[in-house]
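Visitor: Dropping the structure in here first, questions after.
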């Protein structure tokens, strides 16, 4: 790769998203007011006021570009909303701030090394805002004249008349320009932008002055004002891409198409060094701006000692994102060693992290979360059934209570009813058992299971043999 030619492709279009109901699809933000105080229930989050406020302050600092290379640990019991808070942070930061998420077990891949996988994740969480100035012609089309020769040998000729509120000009068109205009289906009354360097034609919409030309127009027709000022002007365009995207584009022969194949493989350190030096050069020239994003690693206790050592060093890098890790472990063994540590994370890394605790939900909060899930899953639940689900959530777990909503809804539909009742919840509760009842069942019938280790040991295995 040439040092002076770092390729960036900004024409990566959004794919059609399939709507589905996920475990955290109801989360729309952190639910904070202007003073960064957590509301009782807002934007899909309930309770956890201190944790939400702490993460909200971090989010505000990220948006202002005041911090990077910091680490945050979300620690708490299972089912206390750690992942939901992290996703709420992602939503509150907006689309321009990169947010990469991964599970710690994802790095144990046979294709790339653990450190390469973490490096790619880090660079996915660092955005680059690249500013580009281009000369364009922007105005309303007054008339398009294309001379089509009767014989196939002569070249096409054409004239394009364009105007703004201040001036009007006629342009002679070449063959390539005629093809671009015909491809864009440009007609009189369209407001268009022509890139002088590439010849690309972009339709902005129809002029308001031509809104009465037709009695009926399609729903996709957009009306815009006729531009003012000069026809030819300099326009600044901004592209936001991640460092990982630039790495892949410059390390593969197929360029940006490698982003869609997913087969990124190992990326050489030399490629990254050249890209980093080019980005630094663009920063000094004012052409680019680095946006430190967020890397969220769930189930962080699954990382091993080598990964923790890598994270220690990576956080000290100049272009490091905010690292958010979550774990539900207490005093646990550090993977790859025989030593125990709080949350299964080495003490030297814990010392670098700002720790945010999440607490178990109370009965009122569980009821409110269940009501949010009723709306998200578009089901109607009567008060008695909601009370029963809340009781189940308190006595077993919130996740188990949420998981019962879908089968209870199916049971209600079997009865040709739109409302979930106590009968439907009871049926789902009978069909799908929770962890406590599963353990009780195992203890009761332990002797009938293979490789039973509850009190039997080797003697029990010999007897069964």
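Residue numbers (our numbering): 185 to 649.
Beta carbons: idealized from backbone N, C-alpha and C, even for Gly.
Note that the structure is a prediction, hence the values are computed from the model and not measured.
#1: For a cutoff of 8 Å on Cβ pairs, would you count residue 264 as touching chain D?
#2: Taking the alpha-carbon of residue 566 as reference, which of 320, 603, 432, 542 has the nearest alpha-carbon?
#3: Find the nearest neighbour of residue 363 within the set 342, 374, 352, judged by alpha-carbon distance.
#4: State buried or exposed for residue 305, treating a residue as buried only when at least 16 other CB atoms are found within 10 Å of its CB.
#5: Please state the DSSP three-state secondary structure of residue 239.
#6: If you measure between the beta carbons of residue 478 and residue 505, is that distance less than 8 Å?
#7: Comparing alpha-carbon positions, which option in 416, 537, 234, 618 lies nearest residue 573?
#8: By the three-class DSSP mapping on this structure, what secondary structure does residue 370 have?
#9: Can you find the residues in the same chain that come closer than 6 Å, C-beta to C-beta, to residue 510, ignoring five residues on each side of it along the sequence?
#10: Considering only the alpha carbon of each residue, which of 512, 389, 273, 311 lies closest to residue 411?
#11: Check for me: the beta strand (DSSP E) holding residue 423 runs from which residue to which?
#12: Closer than 6 Å by C-beta to residue 581: which residues in its own chain qualify, once you throw out the five before and the five after it? Chain order, please.
#13: Would you kindly work out how many angstroms separate the C-alpha atoms of residue 548 and residue 299, rounded to a whole number?
#14: Taking DSSP as the reference, what is the three-state secondary structure of residue 222?
#15: Nearest to residue 485 by alpha carbon, out of 353, 270, 348, 521?
#16: Name, in chain order, the residues that DSSP records as bridge partners for residue 323.
#17: Between residue 435 and residue 513, what straight-line distance do the alpha-carbon atoms span, to the nearest angstrom?
#18: Taking a contact to mean a Cβ-Cβ separation below 8 Å, would you say residue 557 touches residue 586 in this structure?
#19: State the CB to CB distance for the pair residue 314 and residue 537, rounded to an integer number of angstroms; the pair is presumed to be in contact (CB under 8 Å).
#20: Buried or exposed: residue 166, going by 16 or more other Cβ atoms within 10 Å of its Cβ?
#21: Shortest alpha-carbon distance to residue 455 belongs to which of 430, 470, 367?
#22: Locate the alpha helix (DSSP H) running through residue 593, then write down its first and last residues.
#23: Evaluate the contact criterion for the stretch 450 to 467 versus the stretch 413 to 423: three or more CB pairs, one atom per stretch, below 8 Å.
#24: Can you list, in chain order, the stretches of the beta strand (DSSP E) that have 3 or more residues and sit fully within the stretch 444 to 501?
#25: How is residue 346 classed by DSSP in three states: helix, strand or coil?
#26: Could you tell me whether the stretch 269 to 285 touches the stretch 374 to 392, where touching means 3 or more Cβ pairs closer than 8 Å?
#27: What residues are listed by DSSP as bridge partners for residue 526?
#28: Can the beta-carbon of residue 268 be found closer than 8 Å to that of residue 309?
#29: Once DSSP output is grouped into helix, strand and coil, what is the label at residue 390?
#30: State the start and end residues of the unbroken alpha helix (DSSP H) segment that holds residue 532.
#31: By a C-beta neighbour count over all protein chains shown, 10 Å radius and 16 as the cutoff for buried, is residue 241 buried or exposed?
#32: If we ignore side chains and look at the alpha-carbon of each, how far apart do residue 543 and residue 533 end up?
#33: Among 361, 223, 380, 347, which has the Cα closest to the Cα of residue 393?
#34: Going by C-alpha to C-alpha distance, which of 288, 427, 271 sits closest to residue 208?
#35: What number of angstroms, rounded off, separates the C-alpha of residue 460 from the C-alpha of residue 497?
#36: Leaving aside the five residues before and after residue 539 along the sequence, list all residues of the same chain whose C-beta is less than 7 Å from its C-beta, in chain order.
Guide: Answer, in terms of the structure:
#1: Among the protein chains of the structure shown there is no chain D, as only one such chain exists.
#2: 603
#3: 342
#4: buried
#5: helix
#6: yes
#7: 618
#8: coil
#9: 258, 266, 482
#10: 389
#11: 416 to 426
#12: 263
#13: 44 Å
#14: strand
#15: 521
#16: 376
#17: 39 Å
#18: yes
#19: No, residue 314 and residue 537 are not in contact; Cβ-Cβ is about 32 Å, not under 8 Å.
#20: The structure shown does not extend to residue 166, since the chain is modelled only from 185 to 649, so the question has no answer here.
#21: 430
#22: 589 to 598
#23: no
#24: 472 to 476, 478 to 482
#25: strand
#26: no
#27: 515
#28: no
#29: strand
#30: 531 to 534
#31: exposed
#32: 23 Å
#33: 347
#34: 271
#35: 17 Å
#36: 257, 259
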